[in-house]
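Chemist:
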Amino acid sequence: AETRSGRQLEFSFSGLKTAVKRHVQRRRAALACDGRLPEEEIAGICASFQRVVVRTLLDRTFLAARRFGAHSVGISGGVSANARLRADAAARAERAGLPLFLPSLALATDNAAMIGAAGLRRLHAGVTAPLDLNAKASLPLDDGPGA
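At the far end of the sequence shown sits residue 245, using my numbering, and the numbering has no gaps.
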């Protein structure tokens, strides 16, 4: 389904975060509590939030894979350590008939794995940088040397 802006692959979680905040405020008022909600209610809210975020991320990921004719899907960075994301991504990849590449949990929180994946993609596209390129944390991935 198209988003309001017509950009299917873009998303924002700001509306979801606001909805969760308002829900918690309403529940506190309904329970007449000024502190924490009951643990089981907190767990339910967190599980629901995670379910929506994972579904959104994977919907966009697999839509992009179809749209651009990807032959595989790779997920890296800290988000790839999430057990629900890993399980749901594996199921979605199997249904889509696409190999799924995930870093080991030991590397899942290491952004170096994500940068390595981006670098490999650039190398396969024939994009290289001079050997004297220095490390720069703010160097954009899309318009660095050789892009």
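The C-beta atom is built at its ideal place from N, Cα and C for all residues, glycine as well.
(1) Quick one: grab the DSSP three-state call for VAL225.
(2) Cα-Cα, which of LEU239, PRO228, ALA204 is closest to ARG219?
(3) Count the other C-beta atoms from every protein chain shown that fall within 10 angstroms of the C-beta of ALA185, then say buried if there are 16 or more, exposed otherwise.
(4) Do you know offhand how far LEU203's Cα is from LEU155's?
(5) Between PRO201 and SER170, is the Cβ-Cβ spacing less than 7 Å?
(6) Label ALA223 either buried or exposed according to how many other C-beta atoms from any shown protein chain fall within 10 Å of its C-beta, with 16 as the threshold for buried.
(7) Report yes if the C-beta distance between VAL152 and LEU183 is below 7 Å; otherwise report no.
(8) Across the segment 105-114 and the segment 135-142, are there enough close Cβ pairs to call them in contact, namely three or more that are closer than 8 Å?
(9) Applying the 10 Å Cβ sphere with the 16-neighbour rule, what's the burial state of SER178?
(10) Could you give the first and the last residue of the continuous alpha helix (DSSP H) run that contains ASP157?
Modeler: Inspection of the coordinates gives the following:
(1) Residue state, collapsed to three classes: coil.
(2) Scanning LEU239, PRO228, ALA204 for the CA closest to the CA of ARG219 turns up LEU239.
(3) exposed
(4) Each residue's Cα considered, the two are about 19 Å apart.
(5) no
(6) It is exposed - the Cβ of ALA223 has fewer than 16 other Cβ atoms within 10 Å.
(7) At the C-beta level, VAL152 and LEU183 come within 7 Å of one another.
(8) Cβ pair count under 8 Å is below three, so no.
(9) buried
(10) From DSSP, the alpha helix (DSSP H) with ASP157 extends over 137-165.
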